[in-house]
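Colleague: The opening residue of the sequence shown carries number 3 in our numbering; numbering runs sequentially from there.
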Amino acid sequence: MADIMDKIVSLCKRKGFIFPGSDIYGGLANTWDYGPFGVELKNNLKRAWWKSNVYQRDDMYGMDAGILMHPKVWEASGHVENFFDLKSDCKSCKKRFKLVDLKNAKKCPECGGELTESRKFNLMFKTEHGSVEDNASLVYLRPETAQGMFVNFQNILDSRHPKLPFGLAQIGKAFRNEITPGNFIFRTREFEQMEIEYFCRPEEAEKIYESWVEERFSWYLNLGIKKDNLRKRQHTKDELAHYAKACTDIEYNFPFGWNELEGIANRTDFDLKQHAEYSGKDLRYFDEVKKERFYPYIIEPSGGVDRALLAFLVDGYFEEMVKDDLRVVLKLHKDLSPTKVAVLPLLKNRAEIVELAKKIAKDLKKTFITVYDDSAAIGKLYRRQDEAGTLYCVTVDVQSLEDKKVTVRDRDTMLQERISIEKVKEYLFEKLNRDSSVLL
């Protein structure tokens, strides 16, 4: 399994999915840049999540809160006091280690040197807010997106007047200054979250929590993750966060072991109470029917965009021998594939074939994410598109000039069909499914 990670990292750079950050300067540890295919895959993943959790529900509202927030937000949330790692430094090689990773070791695991006493290191990135350095105030890059939804709870009540239960959904960047294990994009200091804060009556919280666990588990299955590679793990009492009554992780069997894709937590009424206390604002919900005010409980499904993307890459990676040639294909779900259609001329030195192929590609681009490629022989072009996860290849050949038909090749089956040019868009539209998110 371990070599699969090496193959995927190599494929990602070779095909333009993901590059090492600041690559021409030797890179910056655990930073990554998304290339042309990678950004499309990432956008498709976020679009599928947004469609499922916002567009297809009547009880969800989208949000996009700022990365910089008032420092009191992080005091109220407990991050200033509790968001830290215990770490020790090696006096010889100067490397820093989490205490939990040292497993009671007395010597440096790298060089055998003496370790310092463990110290607390807050995981939030600090910066300054203000144009004059002497007068600038301390602020933090947010370590999670959740707090932006809690502090806007009253604004949503006042502007949209929702009835319980309802949720707020957000996709955005977060930053944690922690030691990362180096498993590609699984854990990085800069990452993107897909989070929901779902507000409900306290007596309904347990049932709603269980419902969200099942719904989020099914979402990954529906987008093609193999069921054997997915599991649910409920937190024990001693590992629950200080605000949580219950938490279940959805885990994926990565090449480096089972690890969290998403956590679903019952945060109780902790967050709204804390922000009410620190801000002096009344953040209780008023039930007009029962004429009572109370703090709603919050159920939080929180997943990482980058680690979900890695899971889909690992799960979709496939190798097979075809006529003594190794075929590598990314069998990504149609909603996630970066490119839906590739238009390929069989002969690039025949002007009329190239002209027709470009015309077809231009027309298909109005409906599908389409690429045109004439830079190699047709066999190599097919392999390139397979590696990128492209769903269909449309080949224009000499016969196309005569019969006005093209060959459409399916990525997963490699089966080919001869389709009339005027019917190609309709054919692909039906294949890609009208209610799918693949259409622009």
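For each residue, glycine too, the CB sits at the ideal point set by N, CA and C.
Taking only three categories from DSSP, how would you classify Leu166?
Modeller: Note: Leu166 maps to coil in three-state DSSP.
Colleague: Using 8 Å for Cβ pairs, my map puts Glu112 next to Lys97. What's the rounded Cβ distance?
Modeller: Contact flag correct, Cβ pair sits at about 6 Å.
Colleague: Would you check if the distance between the CB atom of Arg413 and the CB atom of Val331 is smaller than 8 Å?
Modeller: Yes.
Colleague: Are the CB atoms of Pro298 and Phe201 within a distance shorter than 8 Å?
Modeller: Contact: yes.
Colleague: Rounded to the nearest angstrom, how far is the Cβ of Ile266 from that of Cys249, given a contact under 8 Å?
Modeller: 7 Å between Cβ atoms; contact.
Colleague: Could you tell me if Phe256 is buried or exposed, where buried requires 16 or more neighbouring beta carbons within 10 angstroms of its beta carbon?
Modeller: The residue in question, Phe256, is buried, as its Cβ has 16 or more Cβ neighbours within 10 Å.
Colleague: With a CB to CB cut of under 8 Å and the five nearest residues on each side skipped, what residues in its chain are close to Gln276?
Modeller: These residues qualify, in order along the chain: Ala78, Ser79 and Gly80.
Colleague: Would Arg36 pass as a contact of Lys44 if the rule is Cβ separation under 8 Å?
Modeller: Note on residue identity: the sequence assigns Tyr, not Arg, to residue 36. Contact: yes.
Colleague: Is the beta carbon of Leu70 within less than 7 Å of some heavy atom of the ligand NAP?
Modeller: Ligands are entirely absent from the displayed structure, and the ligand NAP is therefore not among its contents.
Colleague: Which residue wins for smallest C-alpha separation from Val153, given the options Asn185, Leu70 and Gln195?
Modeller: Nearest of Asn185, Leu70 and Gln195 to Val153, Cα basis: Leu70.
Colleague: Under a three-way DSSP split, which group does Met323 fall into?
Modeller: Looking at Met323 - three-state DSSP - the assignment turns out to be strand.
Colleague: Can Thr270 and Lys239 be called in contact, C-beta distance under 8 Å?
Modeller: Going by C-beta atoms, Thr270 is not nearer than 8 Å to Lys239.
Colleague: Tell me which residue opens and which closes the alpha helix (DSSP H) that Ile380 is part of.
Modeller: Taken as a continuous stretch (DSSP letters only), the alpha helix (DSSP H) holding Ile380 covers Ile380 to Ala390.
Colleague: Among all the DSSP beta bridges, which residues are the ones paired with Asp35?
Modeller: Per DSSP, Phe21.
Colleague: CB Thr316 to CB Ile355, shorter than 8 Å?
Modeller: Contrary to the premise, residue 316 reads as Val rather than Thr in this sequence. No. Outside cutoff.
Colleague: What is the DSSP secondary structure of Val440, counted as helix, strand or coil?
Modeller: Per-residue confidence for Val440 stands at a pLDDT of 48, beneath the threshold of 50, marking its modelled position as unreliable; no derived number is given.
Colleague: When you compare only the Cα positions, how much space is there between Val410 and Thr397?
Modeller: Val410 and Thr397: Cα-Cα distance of roughly 6 Å.
Colleague: Near Lys407, what residues of its chain come up, given a Cβ to Cβ distance below 8 Å and the 5 sequence neighbours on each side ignored?
Modeller: Excluding residues within five positions, the ones whose Cβ falls inside 8 Å are Gln401, Arg420, Ile421, Ser422 and Ile423.
Colleague: Indicate whether Phe186 and Met7 have their beta-carbon atoms separated by less than 8 Å.
Modeller: Yes.
Colleague: Might you give, ordered along the chain, the residues of its own chain that have their beta carbon closer than 6 Å to the beta carbon of Tyr2, omitting 5 neighbours on each side?
Modeller: This structure cannot settle anything about residue 2, because the visible part of the chain is limited to 3 through 442.
Colleague: Gly169 and Met62 look like a contact to me (Cβ under 8 Å); what is the Cβ gap, rounded to whole Å?
Modeller: Contact flag correct, Cβ pair sits at about 5 Å.
Colleague: Over the uninterrupted beta strand (DSSP E) stretch that includes Arg98, give me the two end residues.
Modeller: Arg98 to Lys100 is the span of the beta strand (DSSP E), which, as asked, contains Arg98.
Colleague: Using DSSP with H/G/I as helix, E/B as strand and the rest coil, what is His131?
Modeller: It is a strand residue.
Colleague: Taking the alpha-carbon positions, what's the Arg286 to Arg309 distance?
Modeller: Cα-Cα distance, rounded: 35 Å.
Colleague: Enumerate in chain order the residues of its own chain whose CB-to-CB distance from His237 is below 6 Å, with the five nearest sequence positions on each side excluded.
Modeller: So the qualifying residues of the chain are Cys249.
Colleague: Output the distance between the C-alpha atoms of Lys350 and Gln418, rounded to the nearest integer angstrom.
Modeller: Roughly 21 Å separates the two Cα atoms.
Colleague: Let me check one thing: in DSSP terms, what residues is Glu354 bridge-paired to?
Modeller: Bridge partners of Glu354: none, in fact.
Colleague: To the nearest angstrom, report how far apart Trp51 and Leu311 are at their CA atoms.
Modeller: Trp51 and Leu311: Cα-Cα distance of roughly 12 Å.
Colleague: With DSSP run on the structure shown, which of helix, strand or coil describes Tyr297?
Modeller: Note: Tyr297 maps to coil in three-state DSSP.
Colleague: List the DSSP bridge partners of Ile198.
Modeller: Ile198 pairs with Ala171.
Colleague: Quick one: give me the first and last residue of the alpha helix (DSSP H) that Asn84 is part of.
Modeller: Taken as a continuous stretch (DSSP letters only), the alpha helix (DSSP H) holding Asn84 covers His81 to Asn84.
Colleague: For Met62, name the three-state secondary structure that DSSP assigns.
Modeller: Strand, per DSSP.
Colleague: Can the beta-carbon of Arg203 be found less than 8 Å from the beta-carbon of Leu159?
Modeller: No, the Cβ-Cβ distance between Arg203 and Leu159 is not below 8 Å.
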